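Here is the structure we will look at.
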Amino acid sequence: MTTIIRIEDPQDLRISAYRNVRDRDLARDNDTFIAEGKVVLSVLFAARRFPPLSALVLENRLDGVSDVLSTAPSDMPVYVASQSVMDAIAGFHIHRGILALAQRTPPPSPAALLEKLPADALVVVLVGIANHDNVGAIFRNAAAFEADAVLLDQTCCDPLYRKAIRVSVGAALKVPFARGGSAGELADSLAQHGFNAVALSPSGAESLSAVTPSGRTAILLGTEGEGLPPALMQRLRTVRIPMSQSFDSLNVATASAIALHRLGRFRD
Numbered sequence: 001m002t003t004i005i006r007i008e009d010p011q012d013l014r015i016s017a018y019r020n021v022r023d024r025d026l027a028r029d030n031d032t033f034i035a036e037g038k039v040v041l042s043v044l045f046a047a048r049r050f051p052p053l054s055a056l057v058l059e060n061r062l063d064g065v066s067d068v069l070s071t072a073p074s075d076m077p078v079y080v081a082s083q084s085v086m087d088a089i090a091g092f093h094i095h096r097g098i099l100a101l102a103q104r105t106p107p108p109s110p111a112a113l114l115e116k117l118p119a120d121a122l123v124v125v126l127v128g129i130a131n132h133d134n135v136g137a138i139f140r141n142a143a144a145f146e147a148d149a150v151l152l153d154q155t156c157c158d159p160l161y162r163k164a165i166r167v168s169v170g171a172a173l174k175v176p177f178a179r180g181g182s183a184g185e186l187a188d189s190l191a192q193h194g195f196n197a198v199a200l201s202p203s204g205a206e207s208l209s210a211v212t213p214s215g216r217t218a219i220l221l222g223t224e225g226e227g228l229p230p231a232l233m234q235r236l237r238t239v240r241i242p243m244s245q246s247f248d249s250l251n252v253a254t255a256s257a258i259a260l261h262r263l264g265r266f267r268d
């Protein structure tokens, strides 16, 4: 049974990891991260991928999240605080009322992750995507369409950023991912591991509907505006999602959902 510990002082050393949460979010070299919200914590505890270290709960939310906390490790401390104390700890108003601190596990290299995937693997590759909402939404789509993994180049934002996890509805805690290397290095690794890579772009040479997935497939997505690097587009098969000529493009997360449906296991 989890241990309930009441916190009266925002400066209590036991909750120091929760102090000034927004500043902590920006420190990507931390070996821990913060997860937020009942649904996200239920995924964190169920997935058992990132060891939860503690939780911080608003006192009037404790009964409402008892079912989720019952699935946490029995030795995990649960700190409980009033709204004023919790807000002082976090540095802003925490209206969801439940946070957890979890341990990052050493991520595999992109090559090591690709090597372990099945013969019909589907992966999403993100290049230069620095918007946490988009990264979170893409992870959510990857989980919904059962992609096997997500790769992120070295310029992408951290998928374990608190907001990215929240937008992903916990999918960033479930879908295997690897982050690192340049776009070209990721493309090299995909080729070495037998992936048929398609670069998604409004200027793609072929319609997405012309692609018949077979074997290992990778969908590459670039940042909104600039898109994928020209050098990468020149070496890969490029595809577009047919749409009105009177409009520029789709949001990258929306485009990922369409491509995953077309090339994934749930295509018609």
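Note that the sequence shown covers residues 1 to 268 in UniProt numbering. For glycine and all other residues, C-beta sits at the position ideal for the given N, C-alpha and C. These numbers were taken from a predicted model, which means no experiment stands behind them.
- Its chain contains L208 as the residues whose beta carbon lies nearer than 6 angstroms to that of R262, once the 5 sequence neighbours on both sides are disregarded; these appear in chain order.
- DSSP assignment within the segment 153-177 yields no whole beta strand (DSSP E) run of 3 residues or more.
- Partner residues in the beta bridge of T217, as assigned by DSSP, are L122, N196.
- Three or more Cβ pairs closer than 8 angstroms define a contact, and the segment 156-165 meets that threshold against the segment 125-143.
- For P230, no beta strand (DSSP E) segment is defined; the enclosing uninterrupted segment is the alpha helix (DSSP H) at 230-235.
- At least 8 angstroms separates the beta-carbon of V43 from that of L152.
- Bridge pairing for A81: L58 [DSSP].
- In terms of Cβ geometry, L236 and A197 form a close pair [threshold 8 angstroms].
- For T254, the enclosing alpha helix (DSSP H) has its first and last residue at 252-263.
- Less than 8 angstroms divides the Cβ of M76 from the Cβ of L53.
- Beta-carbon to beta-carbon, A171 and P108 are separated by about 18 angstroms, too far to satisfy the 8 angstroms threshold.
- Pairing S246 with L221 gives a Cβ-Cβ distance that is not under 8 angstroms.
- Of the residues L190, N131, G128, the one whose Cα lies closest to the Cα of A149 is L190.
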